[in-house]
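A.B. asks: Per UniProt numbering, the sequence shown starts with residue 1, numbered consecutively.
Glycine residues also receive a C-beta, built at the ideal position from the N, C-alpha and C atoms.
None of the values given here were measured: they were computed from a predicted structure.
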Amino acid sequence: MSSNNGIILKKHIDPVEGYPKVGEHFGLEERPFNLEAAKVDEEHPLLLRNIYTSIDPYIRNRMRNPKHKSYLPPLDLGQVIPNLTIAEVVKSAVPEYKTGSHVIFMSGWEEYTFVPKDAMKVVQVISNPYNLPLMTFVGALGMPSQTAYVGLKHVGKPKAGETIYISAASGAVGQVAGQLAKSMGLYVVGSAGSDEKIAYLKEIGYDAVFNYKNESVHDALPRLCPKGIDIYFDNVGGETLDAVLLNVNFYARIIFCGAISQYNNPNPYRLKNYTEIVLKSITIEGFIVMNLIPLYQEEYFREMPKLIAEGKLKYKYDVYKGLGSIPEGLLGVLQGKNFGKALAKIADE
Numbered sequence: 001m002s003s004n005n006g007i008i009l010k011k012h013i014d015p016v017e018g019y020p021k022v023g024e025h026f027g028l029e030e031r032p033f034n035l036e037a038a039k040v041d042e043e044h045p046l047l048l049r050n051i052y053t054s055i056d057p058y059i060r061n062r063m064r065n066p067k068h069k070s071y072l073p074p075l076d077l078g079q080v081i082p083n084l085t086i087a088e089v090v091k092s093a094v095p096e097y098k099t100g101s102h103v104i105f106m107s108g109w110e111e112y113t114f115v116p117k118d119a120m121k122v123v124q125v126i127s128n129p130y131n132l133p134l135m136t137f138v139g140a141l142g143m144p145s146q147t148a149y150v151g152l153k154h155v156g157k158p159k160a161g162e163t164i165y166i167s168a169a170s171g172a173v174g175q176v177a178g179q180l181a182k183s184m185g186l187y188v189v190g191s192a193g194s195d196e197k198i199a200y201l202k203e204i205g206y207d208a209v210f211n212y213k214n215e216s217v218h219d220a221l222p223r224l225c226p227k228g229i230d231i232y233f234d235n236v237g238g239e240t241l242d243a244v245l246l247n248v249n250f251y252a253r254i255i256f257c258g259a260i261s262q263y264n265n266p267n268p269y270r271l272k273n274y275t276e277i278v279l280k281s282i283t284i285e286g287f288i289v290m291n292l293i294p295l296y297q298e299e300y301f302r303e304m305p306k307l308i309a310e311g312k313l314k315y316k317y318d319v320y321k322g323l324g325s326i327p328e329g330l331l332g333v334l335q336g337k338n339f340g341k342a343l344a345k346i347a348d349e
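(1) Reducing DSSP to helix, strand and coil, say where Asp348 ends up.
(2) How many whole angstroms separate the CB atoms of Ala148 and Val173, which I take to be in contact at a CB cut-off of 8 Å?
(3) Run through DSSP, which three-state label would Pro305 get?
(4) Buried or exposed: Asn214, going by 16 or more other Cβ atoms within 10 Å of its Cβ?
(5) Excluding five sequence neighbours on each side, which residues of the same chain lie with their C-beta closer than 7 Å to the C-beta of Asn4?
(6) Does the region 98-106 touch the region 67-87, meaning 3 or more C-beta pairs lie closer than 8 Å?
(7) Below 8 Å, can you find three or more Cβ-Cβ pairs linking the region 127-147 to the region 71-80?
(8) Is the region 265-275 in contact with the region 234-245, if contact means three or more CB pairs nearer than 8 Å?
(9) Taking the Cβ atom as the reference point for each residue, do Tyr274 and Tyr165 lie within a distance shorter than 8 Å?
(10) In the DSSP assignment, what residue or residues form a beta bridge with Pro32?
(11) Could you check whether the Cβ of Ile254 sits closer than 7 Å to any heavy atom belonging to the ligand FAD?
(12) Measure from the alpha carbon of Met120 to the alpha carbon of each residue in Glu43, Phe287, Leu343 and Asn50, then state which is nearest.
(13) For Asn131, count the other beta carbons within 10 Å of its own beta carbon; 16 or more makes it buried, fewer makes it exposed. Which is it?
(14) Roughly how many whole angstroms lie between the Cα atoms of Asn65 and Asn338?
(15) Just to confirm my understanding: we take His218, look at its own chain, exclude 5 residues before and 5 after, and list those with CB closer than 6 Å. What are they?
(16) Return the first residue and the last residue of the alpha helix (DSSP H) that Lys182 is part of.
(17) Could you check what DSSP says for Phe339 in three-state terms: helix, strand or coil?
(18) Whether or not the region 298-313 and the region 329-336 are in contact is what I'm after, with contact meaning three or more pairs of Cβ atoms, one per stretch, closer than 8 Å; do they touch?
(19) Cα-Cα, which of Ala38, Val16 and Ala169 is closest to Lys316?
(20) Taking DSSP as the reference, what is the three-state secondary structure of His102?
(21) Kindly indicate which residue of Ile204, Ser145 and Ile284 has the alpha-carbon position closest to the one of Leu241.
(22) Considering Cα atoms alone, identify which of Ala38, Lys117, Pro20 and Asp56 is closest to residue 350.
(23) Would you please state the rounded distance, in angstroms, between the beta carbons of Tyr330 and Ile59? I believe it to be under 8 Å.
(24) Spell out a yes or no on whether the region 154-162 and the region 185-196 are touching, meaning 3 or more CB-CB pairs, one atom from each, closer than 8 Å.
(25) Taking all protein chains shown into account, decide if Val115 is buried (16 or more other Cβ within 10 angstroms of its Cβ) or exposed.
(26) What do you get for Gly258, buried or exposed, if any count of 16 or more other CB atoms within 10 angstroms of its CB means buried?
(27) Whole angstroms is fine: what's the gap from Gly340's alpha carbon to Gln297's?
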């Protein structure tokens with residue numbers, strides 16, 4: 001008898017309640033599974049063995065109480081937590097999905113996943129002409145990198161010579177946003193929370209960086225952005241956004257990607273400098289990558305794998321080993337302890 005253990009939601013938790021607790025709000029559920037007897041059919045044409053899965057902060061939003069509306073529905077109690085996953089097809093009732101091939105799917109944090117027929121249209125067979133490591137497809141080519149690409153191009157509308165500031169710059173989104181912005185001819189400024197992360201940002205080409213734990217963002221931005229800020233890629237929200245509003249130029253664009261400083265904050269920060277939005281004609285635009293990536297998908301997958309293969313786009317991973325390590329990984333992401341893109345290796349390739 002095999003197993004199909006999974007990480008499930010046990011109890012809903014709102015942002016003002018703080019960080020989710022392992023065991024109380026989510027955790028590992030052990031489930032026996034007879035792999036040999038498992039059958040695929042018209043209703044469930046594929047059975048996948050999950051190998052690598054992404055660990056992303058947006059999952060925290062899906063743990064909320066159902067009474068709060070958002071762009072994605074909240075998870076049901078007892079539901080396996082879904083996220084983008086690299087998987088091997090182990091059983092198939094569809095000829096175009098061959099046994100042993102690798103696919104990308106929103107499988108979730110479990111060992112095996114049956115794919116229902118109405119989800120087959122979003123199962124993506126991996127094309128890997130550059131022979132990139134398998135984890136690349138939920139890492140350097142995954143959703144956070146797509147977020148950086150789309151955010152810059154669609155919302156930021158960068159012009160060579162402009163100044164961009166990126167918060168959480170060493171994270172999964174920030175490390176790609178900074179390198180892409182640099183390749184577009186921008187002056188790139190970033191912040192992170194450790195000296196090790198600051199050193200990495202310098203290594204991948206950031207022009208100026210600061211450790212927000214050692215220097216206030218209110219002091220750092222005027223010092224490092226003497227010409228003002230034209231584009232702000234916001235991954236943290238809160239007081240950092242407030243400081244940025246005082247340091248942006250007229251007609252600045254703020255790419256509102258996330259607000260991780262507020263996801264588990266029992267006392268949410270309230271903006272004080274919002275009148276700057278009117279006074280400087282600032283554009284602030286939030287976006288959801290899944291809504292925009294179809295507009296850029298062809299050029300994204302034409303450009304990005306080549307950049308990675310040629311070593312022109314560097315990417316750092318924080319890989320957790322085993323299904324049971326995922327809760328620790330999610331808390332690490334929410335608390336800023338991760339260094340690079342957080343992934344979990346559920347099984348061997």
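C.D. replies: In short, the structure shows the following:
(1) Taking the first residue of the sequence shown as position 1, residue 348 is located at position 348. Three-state DSSP puts Asp348 in coil, outside helix and strand.
(2) Locating residue 148 in the sequence shown gives position 148, counting from the first residue. Locating residue 173 in the sequence shown gives position 173, counting from the first residue. Going by Cβ atoms, the distance from Ala148 to Val173 rounds to 5 Å, so yes, they are a contact pair.
(3) Position 305 of the sequence shown, counted from the start, is the residue given in the question as residue 305. If DSSP states are grouped into helix, strand and coil, Pro305 belongs with the helices.
(4) Residue numbering aside, residue 214 sits at position 214 when the sequence shown is read from its first letter. Asn214 is classed as exposed because its beta carbon has fewer than 16 other beta carbons within 10 Å across all chains shown.
(5) As a position in the sequence shown, residue 4 is number 4, starting the count at 1. Answer for Asn4: Arg31, Phe33, Glu110, Glu111 and Tyr112, listed in chain order.
(6) yes
(7) no
(8) The region 265-275 is in contact with the region 234-245.
(9) As a first step, residue 274 is located in the sequence shown; it is residue number 274 there, counting from the start. As a first step, residue 165 is located in the sequence shown; it is residue number 165 there, counting from the start. For Tyr274 and Tyr165, no; Cβs fall outside 8 Å.
(10) Position 32 of the sequence shown, counting from 1, holds the residue named residue 32. As DSSP reads the structure, Pro32 sits in a beta bridge with Ser3.
(11) By its list of ligands, the structure shown contains no ligand whatsoever, and the ligand FAD lies outside what it can speak to.
(12) Your numbering for residue 120 matches position 120 in the sequence shown. Selected option, being the one with the closest Cα: Glu43.
(13) Taking the sequence shown and counting its residues from 1, the one referred to as residue 131 is at position 131. Per the 10 Å Cβ criterion, exposed.
(14) One-based indexing of the sequence shown puts residue 65 at position 65. One-based indexing of the sequence shown puts residue 338 at position 338. If I take the Cα positions, the gap works out to 26 Å.
(15) For the purposes of this step, residue 218 is identified with residue 218 of the sequence shown, where counting begins at 1. Same-chain partners within the cutoff: Ala243.
(16) Counting from one through the sequence shown, the residue named residue 182 turns up at place 182. Start and end: Gly174 to Ser183.
(17) Here the question's residue 339 lines up with position 339 in the sequence shown. Annotated three-state conformation of Phe339 is coil, per DSSP.
(18) no
(19) Here the question's residue 316 lines up with position 316 in the sequence shown. Checking every option, the nearest Cα to that of Lys316 belongs to Ala169.
(20) Start at 1 with the first residue of the sequence shown, and residue 102 comes out as number 102. His102 sits in a strand when the DSSP states are folded into three classes.
(21) One-based indexing of the sequence shown puts residue 241 at position 241. Nearest in C-alpha terms to Leu241, of all of Ile204, Ser145 and Ile284, is Ile284.
(22) The requested residue 350 does not occur in the structure, where the chain is confined to residues 1 to 349.
(23) Start at 1 with the first residue of the sequence shown, and residue 330 comes out as number 330. Start at 1 with the first residue of the sequence shown, and residue 59 comes out as number 59. Position check: residue 330 holds Leu in this sequence, whereas Tyr was assumed. So it is a contact: roughly 6 Å between Cβ atoms.
(24) yes
(25) Position 115 of the sequence shown, counting from 1, holds the residue named residue 115. That one is buried.
(26) To locate residue 258, count along the sequence shown from 1; it is residue 258. Flag for Gly258 reads buried.
(27) Residue mapping note: residue 340 aligns to position 340 of the sequence shown, counting from 1. Residue mapping note: residue 297 aligns to position 297 of the sequence shown, counting from 1. Going by the C-alpha atoms only, they are around 23 Å apart.
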